[in-house]
Each structure stands twice: as C-alpha cells, then as structure tokens.
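Q: Please read through the structure below; I'll follow up with questions.
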Amino acid sequence: MSKKRLSQTKKNIVFLGHMGSGKSTIGRGLSKKLGLDFYDTDKEIEKEMGQKIAKIFDESGESIFRNIERKITLKLLDKKNSIIALGGGGFEDLKIRKLILNKCNSIWLKCDLNILEKRCRVSKKRPLLSNKNIKAEFERLNKIRQKNYSKAKFTIDVSKKNKYQIIKEITEALKI
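In our numbering, each number is its position in the sequence shown, counted from 1, plus 2.
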C-alpha cells in the first residue's frame with residue numbers, strides 16, 4: 003500500500019544535508035521499507051568514474067568533480083519512484099536545486115554540527131575535510147549551504163534520533 007501511494011505521486015524522494023547527516027543510511031532504510039530503488043550520488047559517481055570521490059578531488063579538483071556530480075545527478079533525477087541521497091554540496095548547483103524543488107519530495111536531514119564533527123572525524127572518505135579543522139569547516143559549509151537546504155519541502159532534525167525514528171517521521175511527513 004505504501005509503495006502504491008508513493009508511485010501515484012511520481013515524485014522521487016531526495017535527501018539533502020551535510021556529509022555525515024545520514025542521507026545514505028536513511029535512504030537505504032526507507033527504500034527497503036517502501037520497496038523503491040535507492041541511489042547514492044557519490045556511489046554512482048564512483049561507479050561511473052572507477053575512482054573514489056577523494057581521489058577525484060585530489061587528482062581533478064572540486065570543479066571537475068562538481069561537473070561530474072551534476073551530470074550524474076541530473077540523470078538520476080530523471081528516474082521514477084526512486085530515493086536519492088544527494089552529495090552534501092550537490093544542492094548548491096542551481097539546476098539540480100530547481101529540479102529537486104519542482105519535481106521531488108526534498109527532505110533536509112538537519113543535524114547538529116557537533117554531532118556531524120564527531121561522525122566525520124574518523125572518516126577518511128571526506129575530501130572536503132581532509133587536513134582541515136573539521137569543526138571550523140562544518141561551520142563554514144553550514145553558512146554557505148543552510149540557506150539552500152532550508153528550501154527543502156521537509157526538514158527532519160536527525161541530531162538525537164535513531165534511523166527507525168527518522169524513517170517513521172519521514173513516512174508520516176510524506177503520508178505514506
């Protein structure tokens with residue numbers, strides 16, 4: 003029944019938020035619950051390029067990465083009845099942002115910056131955080147991205163919730 007109701011809307015569900023906010027974890031969990039396809043833009047980029055995101059950043063730079071991200075994200079947004087975890091900076095692209103806001107159920111997984119810092123401190127796959135003061139970098143990114151993230155149709159504060167609570171809150175918000 004949930005799958006049928008969502009497919010009638012023909013709107014993809016797109017998760018937005020900073021790295022470490024849980025977009026991939028929640029997206030996978032929701033896709034299992036609803037029986038929908040799940041795509042992680044970062045994983046799709048790695049598949050297409052045959053390289054890890056960090057290596058693409060190191061060898062080609064952020065600008066080239068953002069061009070690749072745009073191409074792959076626009077292709078994913080063309081799919082129907084899918085759940086998509088958007089890379090943390092993907093929503094800064096105007097074309098991607100407009101398409102998501104006009105044609106998708108966008109959900110910002112908002113998370114306290116101190117929690118994000120703790121989650122990402124141990125990760126070696128976060129190229130924007132390498133060799134930087136992680137807390138200061140999250141504060142900088144938040145100043146840039148929060149304005150656009152706040153345009154999402156739904157905002158879910160994930161700071162002190164487990165994945166089951168978050169998925170329940172999302173299904174209630176989407177009425178599925």
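No residue lacks a Cβ here, since even glycine has one placed at the ideal position from N, Cα and C.
(1) Counting only runs of 3+ residues fully inside the region 29 to 105, write out the beta strand (DSSP E) ranges in chain order.
(2) Determine, using beta carbons only, whether residue 106 and residue 19 come nearer to each other than 8 Å.
(3) Note down the Cα distance separating residue 137 from residue 161, rounded to an integer number of angstroms.
(4) Can you tell me which of 147, 47, 86 puts its alpha carbon nearest to the alpha carbon of residue 24?
(5) Tell me the rounded alpha-carbon separation between residue 177 and residue 72.
(6) Taking Cβ positions, are residue 79 and residue 153 nearer each other than 8 Å?
(7) Using DSSP's beta-bridge definition, name the partner residues of residue 114.
(8) Nearest-angstrom Cα distance between residue 66 and residue 43?
(9) Kindly indicate which residue of 59, 51, 110 has the alpha-carbon position closest to the one of residue 26.
(10) At which residues does the beta strand (DSSP E) containing residue 15 begin and terminate?
(11) Hey, could you find the ends of the beta strand (DSSP E) residue 178 is sitting in?
(12) Can you list, in chain order, the residues of its chain whose CB lies under 8 Å from that of residue 70, leaving out five sequence neighbours each side?
(13) Which of the three DSSP states, helix, strand or coil, is assigned to residue 161?
A: A quick look at the data gives this:
(1) The qualifying runs are 39 to 42, 84 to 87.
(2) By 1-based counting over the sequence shown, the position of residue 106 is 104. By 1-based counting over the sequence shown, the position of residue 19 is 17. Not a contact, by the Cβ cut-off of 8 Å.
(3) By 1-based counting over the sequence shown, the position of residue 137 is 135. By 1-based counting over the sequence shown, the position of residue 161 is 159. Between the alpha carbons of residue 137 and residue 161 lies a distance of about 16 Å.
(4) Your numbering for residue 24 matches position 22 in the sequence shown. The option with the nearest alpha carbon to residue 24 is 86.
(5) Taking the first residue of the sequence shown as 1, we reach residue 177 at position 175. Taking the first residue of the sequence shown as 1, we reach residue 72 at position 70. Residue 177 and residue 72 have their C-alpha atoms some 30 Å from each other.
(6) Reading the sequence shown from its first residue, position 77 is the one you call residue 79. Reading the sequence shown from its first residue, position 151 is the one you call residue 153. In this structure, residue 79 lies away from residue 153, with their beta-carbon atoms at least 8 Å apart.
(7) Position 112 of the sequence shown, counted from the first residue, corresponds to residue 114. Answer is none; residue 114 lacks a bridge partner.
(8) Here the question's residue 66 lines up with position 64 in the sequence shown. Here the question's residue 43 lines up with position 41 in the sequence shown. When rounded, the distance between both Cα atoms is 15 Å.
(9) In the sequence shown, residue 26 corresponds to position 24, counting from 1. Taking residue 26 as reference, the option from 59, 51, 110 with the minimal CA-CA separation is 110.
(10) Translated into positions along the sequence shown, residue 15 becomes position 13. Unbroken beta strand (DSSP E) run through residue 15: 14 to 18.
(11) By one-based count along the sequence shown, residue 178 stands at place 176. No beta strand (DSSP E) contains residue 178, which DSSP labels as neither H nor E.
(12) Numbered from 1 along the sequence shown, position 68 holds the residue referred to as residue 70. The residues are 47, 50, 51, 58.
(13) Residue mapping note: residue 161 aligns to position 159 of the sequence shown, counting from 1. Here residue 161 sits in coil by DSSP.
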